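Per the working numbering, the sequence shown starts with residue 818, numbered consecutively.
Single-structure report; data block below.
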Amino acid sequence: MAIVKAIPTNERVHSEKRASHPHAITSFFSPEQFGRLEELMYPKHAEAGSYLFWEGEPTGKLYYIRSGKIKLRKSTEDGKDFILSILQAGDMLCEPEDGMRAVHSFSAEAMEDAELGVIQWQDLEILLYRHGDFAVRFMNWMALMHRVTDSKFRDLLLFGKPGALASTLIRLANSYGVACAEGIRINIKLTNAELADFIGTSRESVNRMLNGLKDEGTIAIRNGRIIILKLSDLRGICRCPSSPACPKEVCRI
């Protein structure tokens, strides 16, 4: 955490969260604009394993993640679960009301103890009406979220399960990767079953694909964490488009 001077709470939180990762929502706003958003928030603590909401429950709230990680899950009619994303500090969980759908299309689970700022959607609408500069920045952030979703569909649908796994590992590296002597260590521990839920396959299939990548020298696993040794090999498997077509702000989990 960066050392900051004694400044108002809104600006101090903005400075800390702005530095959390490059695609945090705070990077889209000036300190003054984000301060307006923070004025709408009330605090909420979520314990590890608890749910902010379930799929099918009414919408109407946004959640700004101050600390912790939130897992987004989607269930199918036959009982299968898919992991849509893992959000971290600095992210905003937002499923806007569109006048037609009034329920959540996925569930949100706290992977660890989390501190949140909760915003009522009606309060945000008033802020958007009153401040056009804020509305434009918020639209820019929403557009980025749509690009992230579109790029995930591309990777999951076009290049089979090996391509989907390679893409997921790259996205995890961009979101949670830490440079190390061997390459990039994904600094979040996920089971093979959870990796399988990201790409819609079985744990056994993920086991085989990971073992294949290890045998090829593309990845290694140390203390339960994946280390990417040859990022270019993973990019080749999923035919990863070059920046600026797919910048890190889009290629995230």
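We put the beta carbon where it would ideally sit given N, CA and C, even for glycine.
Owing to the predicted nature of the structure, the values given are computational and were not obtained by experimental measurement.
Whole-angstrom distance between residue j and residue i, CA atom to CA atom
{"i": "residue 1047", "j": "residue 1028", "result": "15 Å"}
{"i": "residue 1049", "j": "residue 971", "result": "19 Å"}
{"i": "residue 894", "j": "residue 950", "result": "42 Å"}
{"i": "residue 846", "j": "residue 1066", "result": "16 Å"}
{"i": "residue 879", "j": "residue 843", "result": "15 Å"}
{"i": "residue 783", "j": "residue 852", "result": "The requested residue 783 is not part of the displayed model; the chain covers only 818 to 1070."}
{"i": "residue 999", "j": "residue 982", "result": "20 Å"}
{"i": "residue 857", "j": "residue 940", "result": "7 Å"}
{"i": "residue 833", "j": "residue 1033", "result": "Confidence at residue 833 is low in this model, with a pLDDT of 42, below 50, so its placement is unreliable and the value that follows should be read with caution. So the alpha carbons of these two residues sit roughly 40 Å apart."}
{"i": "residue 1026", "j": "residue 1018", "result": "11 Å"}
{"i": "residue 1030", "j": "residue 942", "result": "47 Å"}
{"i": "residue 948", "j": "residue 913", "result": "18 Å"}
{"i": "residue 892", "j": "residue 870", "result": "13 Å"}
Under 8 Å between C-beta atoms of residue i and residue j
{"i": "residue 885", "j": "residue 931", "result": "yes"}
{"i": "residue 1038", "j": "residue 902", "result": "no"}
{"i": "residue 1013", "j": "residue 1020", "result": "yes"}
{"i": "residue 993", "j": "residue 1009", "result": "no"}
{"i": "residue 1045", "j": "residue 980", "result": "no"}
{"i": "residue 1081", "j": "residue 910", "result": "This structure does not reach residue 1081, given that the chain is present from 818 up to 1070, and the question cannot be answered."}
{"i": "residue 958", "j": "residue 877", "result": "no"}
{"i": "residue 866", "j": "residue 921", "result": "no"}
{"i": "residue 944", "j": "residue 883", "result": "no"}
N- and C-terminal bounds of the alpha helix (DSSP H) containing residue i
{"i": "residue 980", "result": "977-993"}
{"i": "residue 1082", "result": "Lying before the first or after the last residue shown, residue 1082 is absent from the chain, which here runs from 818 to 1070."}
{"i": "residue 855", "result": "848-855"}
{"i": "residue 1016", "result": "1009-1016"}
{"i": "residue 1054", "result": "1048-1054"}
Nearest-angstrom beta carbon gap, residue j and residue i [assumed within contact, 8 Å]
{"i": "residue 925", "j": "residue 889", "result": "6 Å"}
{"i": "residue 978", "j": "residue 1016", "result": "6 Å"}
{"i": "residue 991", "j": "residue 1057", "result": "With 8 Å as the limit, residue 991 and residue 1057 do not qualify as a contact, their Cβ atoms being about 11 Å apart."}
Three-way DSSP call (helix, strand, coil) for residue i in this model
{"i": "residue 953", "result": "helix"}
{"i": "residue 939", "result": "helix"}
{"i": "residue 844", "result": "helix"}
{"i": "residue 1029", "result": "helix"}
{"i": "residue 963", "result": "helix"}
{"i": "residue 1067", "result": "coil"}
Host beta strand (DSSP E) of residue i (start-end)
{"i": "residue 878", "result": "878-884"}
{"i": "residue 888", "result": "887-892"}
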